[in-house]
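Take a look at the structure below.
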Amino acid sequence: MSEPFQELANLDKLVHEPARLAITAALESCGEADFLYLQRVTGLSPGNLSSHLTKLENGGIVQVRKELAGKRTETWIQLTAKGREAVMEHWRLLERLRPRGGPGRPSR
Amino acid sequence: MQSHSMPDLERVRFVTAHYEMLQGLVVLPLLTVLGVLFVVDPRSGSQGDAVIWWGMATAGLMAALAAIPVLSGYYRRRYGAVRAQREQGRSALVTTGVVFAAVAVLHKFTPALPFSPEAVAVGAGVLMAGRRLRPLAPPFLLTGVALIVGGLLPFQGVGHPLSDLSILLGVCCGAAVLLGVWSHLLLRRVLGGNESGE
Numbered sequence: 001m002s003e004p005f006q007e008l009a010n011l012d013k014l015v016h017e018p019a020r021l022a023i024t025a026a027l028e029s030c031g032e033a034d035f036l037y038l039q040r041v042t043g044l045s046p047g048n049l050s051s052h053l054t055k056l057e058n059g060g061i062v063q064v065r066k067e068l069a070g071k072r073t074e075t076w077i078q079l080t081a082k083g084r085e086a087v088m089e090h091w092r093l094l095e096r097l098r099p100r101g102g103p104g105r106p107s108r
Numbered sequence: 001m002q003s004h005s006m007p008d009l010e011r012v013r014f015v016t017a018h019y020e021m022l023q024g025l026v027v028l029p030l031l032t033v034l035g036v037l038f039v040v041d042p043r044s045g046s047q048g049d050a051v052i053w054w055g056m057a058t059a060g061l062m063a064a065l066a067a068i069p070v071l072s073g074y075y076r077r078r079y080g081a082v083r084a085q086r087e088q089g090r091s092a093l094v095t096t097g098v099v100f101a102a103v104a105v106l107h108k109f110t111p112a113l114p115f116s117p118e119a120v121a122v123g124a125g126v127l128m129a130g131r132r133l134r135p136l137a138p139p140f141l142l143t144g145v146a147l148i149v150g151g152l153l154p155f156q157g158v159g160h161p162l163s164d165l166s167i168l169l170g171v172c173c174g175a176a177v178l179l180g181v182w183s184h185l186l187l188r189r190v191l192g193g194n195e196s197g198e
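Top to bottom, those sequences are chains A and B.
Last residue of the first sequence? That's 108 in the working numbering, and every number before it is there in order.
Last residue of the second sequence? That's 198 in the working numbering, and every number before it is there in order.
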């Protein structure tokens with residue numbers, strides 16, 4: 001396999017999926033966010049968001065915790081240290097690939 | 001699921017990082033009341049008018065302060081909550097303080113001129129802030145240019161109106177109201193598309 005394709009194959013599939021990319025993009029810009037905010041910012045249904053968060057949690061990318069707020073239970077989500085590093089590495093890899101095949105490069 | 005392009009993700013990052021600052025409606029009533037207090041002079045009417053004016057001003061301020069937690073709750077219920085990674089807005093507050101301190105010094109030591117160096121300085125500060133906060137650039141640009149042009153327009157009389165600090169502060173409150181509305185609309189554009197959470 002040529003080098004660019006090798007790097008493409010190395011992309012973290014767990015992070016690269018569009019919905020999970022949006023979730024991690026939001027989480028990397030804050031300390032933590034609650035479930036409703038992530039639902040709003042990604043446009044996912046509660047069931048879909050739960051499913052993606054479970055995958056990210058199982059992969060060690062995010063940490064999900066419950067917090068009591070009066071009589072309600074709030075769900076807060078944050079990137080783990082490993083998750084933050086994985087997201088940053090993912091974007092570094094995408095930036096490296098961009099000049100080789102990203103928008104703006106003339107096709108031959 | 002919305003499909004997210006790169007610019008969308010940039011917007012998601014910006015809105016998340018500045019979520020608290022973008023809750024523009026929270027401070028809108030307070031800024032409006034303060035703007036009116038700065039611009040309207042209670043000494044222009046009779047003593048009875050001044051008493052009524054101060055009563056209304058106090059009531060307005062109390063109502064505006066009481067509205068803050070109510071409006072914060074609205075954002076939390078509608079769009080959720082975010083905790084910042086680090087203390088956000090401290091540098092913005094320090095910069096605003098420095099700009100206003102510089103303007104106060106400028107005001108103190110500049111003689112009455114046909115133009116307003118105070119308004120030009122605030123306008124330049126506003127334009128610089130707009131460069132840093134790109135998604136909020138339009139209201140910053142509008143306000144910055146308006147202040148610079150208004151400050152440079154020669155005024156026949158004793159001192160330029162925008163060199164009167166209470167008028168300048170009133171104009172700044174008006175600009176902050178515009179910024180608050182724009183911030184709210186930006187938040188709605190990014191977070192308001194999906195109504196499934198309601």
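Beta carbons: idealized from backbone N, C-alpha and C, even for Gly.
Please list, in chain order, the chain A residues whose beta carbon lies closer than 7 Å to that of V70 (chain B).
Contact of V70 (chain B) with chain A by beta-carbon distance below 7 Å is absent, the smallest such distance being about 16 Å.
Give every residue of the same chain whose Cβ lies closer than 6 Å to the Cβ of L147 (chain B), excluding the five residues on either side of it in the sequence, and list them in chain order.
Excluding residues within five positions, the ones whose Cβ falls inside 6 Å are A119, V122, G123.
Same chain only: Cβ atoms within 6 Å of V39 (chain B), ignoring 5 sequence neighbours per side:
In chain order, G170 place their CB closer than 6 Å to the CB of V39 (chain B), counting only its own chain and leaving out the 5 sequence neighbours on each side.
Does DSSP put R11 (chain B) in a helix, in a strand, or in coil?
The three-state secondary structure of R11 (chain B), taken from DSSP, is helix.
For S107 (chain A), decide whether its Cβ has a neighbour in chain B, counting only Cβ atoms nearer than 9 Å.
Because S107 (chain A) sits at a pLDDT of 46, beneath the cut-off of 50, its placement in the model cannot be relied upon, and the point is left open.
Between the alpha carbons of A17 (chain B) and R189 (chain B), how many angstroms are there, rounded?
Taking the straight line joining both Cα atoms gives about 16 Å.
Helix or strand or just coil, what does DSSP make of A33 (chain A)?
A33 (chain A) sits in a strand when the DSSP states are folded into three classes.
Would you say V15 (chain A) lies against chain B (beta-carbon separation less than 9 Å)?
At a cut-off of 9 Å, the C-beta of V15 (chain A) has no neighbouring C-beta in chain B.
Which class does V62 (chain A) belong to by DSSP, given the choice of helix, strand or coil?
In the structure shown, V62 (chain A) sits in a strand (DSSP, three-state: E or B).
I want to verify the contact list: residues of chain A whose CB lies under 8 Å from the CB of Y79 (chain B), in sequence order.
Residues of chain A passing the Cβ test: L36, Y37, R40.
How long is the line joining the alpha carbons of A22 (chain A) and L53 (chain A), rounded to whole angstroms?
A direct Cα-Cα distance of roughly 12 Å separates A22 (chain A) from L53 (chain A).
DSSP-derived helix/strand/coil call for A69 (chain A):
In this structure, A69 (chain A) counts as strand in the three-state DSSP scheme.
Chain-ordered chain A contacts of Q23 (chain B) [CB-CB under 8 Å]
Against Q23 (chain B), chain A offers no close residue; the least beta-carbon distance is about 12 Å (beta-carbon pairs closer than 8 Å).
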